[in-house]
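I have placed the structure first, in the form of C-alpha cells, so that the comments after it can refer back to it.
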Amino acid sequence: MYGSLHEFDIRSLLELIERNQGTGQLLVETAHCVPTPQEGERQFWLISLKDGQIAYATDNNHLPLQRLQDYLRRYQMESALERLPTIESIFLPLTSSALIGRALPEYNHLWLLLERHVLEASQGKKILESMIHETLFDLLSLDQGYFVFESNTVIQPQLATVEIGMALSKVTREIQQWKQLYPYITSPEQCPLLTKSNELKQALTPSAYRSLAVACQGELSLRRIARYLKKDLLTISHALYPYIQRGWLHLLDPPQEVPQKAPSPSAALPKVVCVDEKHELSDQMGYLLEQQGYEKIIVNDPIEALSVIVRSQPSLILSPLEMSIFSGEELCHCLRSLPAFVNLPIILFVPEHPDP
C-alpha cells in the first residue's frame with residue numbers, strides 16, 4: 004500500500020492499520036515514495052507495527068544513537084553505549100532497507116543493553132515508548148509527503164508495543180496545545196539561548212536557575228532538553244514560554260556542522276578558559292599558559308563560564324573541583340552533554356591550601 008498524504012493523512016492511515024491488525028513497516032517521507040541514492044538525503048520516518056500496534060518508531064533527523072544516548076543520560080548510563088561491541092542489524096530485510104539502514108542501530112543497541120542487564124526491562128520499555136511518542140508528534144504535524152506500507156515484515160526481537168488509538172489521542176491533544184505557543188516557539192529543534200541571566204536568576208529558585216542556565220546555552224534543542232530533564236517536550240516548552248516572550252531567552256536554529264578549515268599561520272591563539280571563582284589560580288599559572296602560546300580567559304562565575312565556553316570554543320578548560328554553584332565534576336557533565344564539547348580536555352584542580 005502506498006500513496007500521498009494529500010489523499011490519506013497519517014492519523015487515518017494508522018487507524019486503518021489498527022483496525023486491520025496490520026503487521027509491517029510504515030515508511031513516510033517528504034519527497035518521493037521510492038528514493039534513490041542519487042536524489043540525496045531526505046527526511047523520513049519509520050514505524051514498525053505488529054498486529055495493529057506500534058513496536059518501534061524513528062526518523063533520520065538525528066544521529067543514529069544520539070536519541071538513545073540522550074535517554075540513557077536520565078539513568079546516568081550515557082557511557083554504556085561506548086562499551087558495547089559493534090553489532091549487526093537484527094531486523095528482517097525490508098524493501099527500503101537501504102534508506103532506513105542508518106536508523107536501525109538505535110533499536111539494536113537498546114536491545115543489547117537489555118540483554119546485558121545494563122537496563123532493566125521497565126527502563127527499556129519507557130525509553131521505547133518515549134521514542135514512539137516523539138516520532139508520532141512529528142508525523143501527525145505533517146500535511147504533505149508520501150507513504151509506503153510494507154506488510155508482513157517484522158522487527159525482531161520485539162520489546163513492547165504501544166496501542167495506536169491511545170497514542171494518537173494523547174499526541175493530538177499535545178499538538179493542539181503546542182500550536183498555542185506560536186509564533187514564539189515553532190519547532191522542537193530550536194535551541195534556547197540564555198541572554199538575560201540576571202532577570203532569570205531573580206525569577207527562579209537557585210536550583211531551577213542552575214538547571215535552566217546549564218541547558219540553555221544555544222547548543223541543545225528543546226527536545227533534547229526535555230529528554231535530559233526527564234520531562235516531555237510540551238512541559239518544557241510551556242515552562243520556557245514566558246521567558247522567551249520577555250526576551251530573556253532567545254530561540255536559535257539548530258547548529259549546523261561547518262567543514263573545518265586548515266589553520267593558517269595568522270590564526271588566533273588556542274584558548275584556555277580558567278574558571279577561577281575564588282581566585283585560586285596563581286599568576287604563575289597564567290604566565291605559563293601565555294608562554295606556551297595560549298590565550299587565557301578568566302571567568303569567575305561558573306554559570307557564566309558555560310556561555311563563555313560555548314562562544315569561545317577553547318582548547319582546554321581549567322576548573323576547581325569544588326565551586327559554590329556546582330562542582331567541577333558537574334561542570335564536566337554539563338559540557339559533555341553538548342555535542343561540540345564531548346572530547347574537550349578538562350583539568351580539575353584543588354587549591355594549594357584547601358579549607359579544612
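The opening position of the sequence shown corresponds to residue 4 in my numbering, with each subsequent residue numbered one higher. Glycine included, C-beta positions come from ideal geometry on N, C-alpha and C.
What is the DSSP secondary structure of residue i, reduced to helix, strand or coil?
i, result
"residue 343", "helix"
"residue 51", "strand"
"residue 283", "coil"
"residue 235", "coil"
"residue 316", "coil"
"residue 254", "strand"
"residue 308", "helix"
"residue 294", "helix"
"residue 327", "coil"
"residue 116", "helix"
"residue 175", "helix"
"residue 84", "helix"
"residue 338", "helix"
"residue 168", "helix"
"residue 321", "strand"
"residue 332", "helix"
"residue 153", "strand"
"residue 6", "strand"
Taking the continuous alpha helix (DSSP H) assigned at residue i, which residues delimit it?
i, result
"residue 185", "Run containing residue 185: none; DSSP gives neither H nor E here."
"residue 74", "69-76"
"residue 140", "124-142"
Rounding to the nearest angstrom, what Cα-Cα distance links residue i and residue j in this structure?
i, j, result
"residue 299", "residue 119", "45 Å"
"residue 283", "residue 296", "22 Å"
"residue 53", "residue 280", "56 Å"
"residue 375", "residue 87", "Outside the displayed span of the chain (4 to 359) sits residue 375, for which this structure offers no information."
"residue 360", "residue 207", "The displayed coordinates of the chain run from 4 to 359. Any statement about residue 360 would go beyond what the structure contains."
"residue 306", "residue 179", "35 Å"
"residue 273", "residue 308", "17 Å"
"residue 239", "residue 225", "7 Å"
"residue 63", "residue 294", "47 Å"
"residue 301", "residue 256", "29 Å"
"residue 343", "residue 85", "18 Å"
"residue 72", "residue 227", "10 Å"
Would residue i and residue j qualify as a contact pair, given that the criterion is a beta-carbon distance under 8 Å?
i, j, result
"residue 58", "residue 126", "no"
"residue 230", "residue 78", "no"
"residue 337", "residue 217", "yes"
"residue 121", "residue 221", "no"
"residue 219", "residue 184", "no"
"residue 154", "residue 26", "yes"
"residue 1", "residue 21", "In the structure as shown, the chain starts at 4 and stops at 359, and residue 1 therefore has no counterpart that could be examined."
"residue 247", "residue 167", "no"
Name the two residues that bound the continuous beta strand (DSSP E) containing residue i.
i, result
"residue 350", "349-352"
"residue 18", "From DSSP, residue 18 is part of no beta strand (DSSP E) but of the alpha helix (DSSP H) over 13-22."
"residue 62", "56-62"
"residue 29", "27-32"
May I ask you to check if the CB of residue i is nearer than 7 Å to at least one heavy atom of the ligand GDP?
i, result
"residue 343", "Questions concerning the ligand GDP fall outside what the structure shown contains, since it holds no ligand whatsoever."
Beta strand (DSSP E) segments (min. 3 residues) lying fully within the segment 177-227: Within the segment 177-227, the complete beta strand (DSSP E) segments of 3 residues or longer fall at 194-197, listed in chain order.
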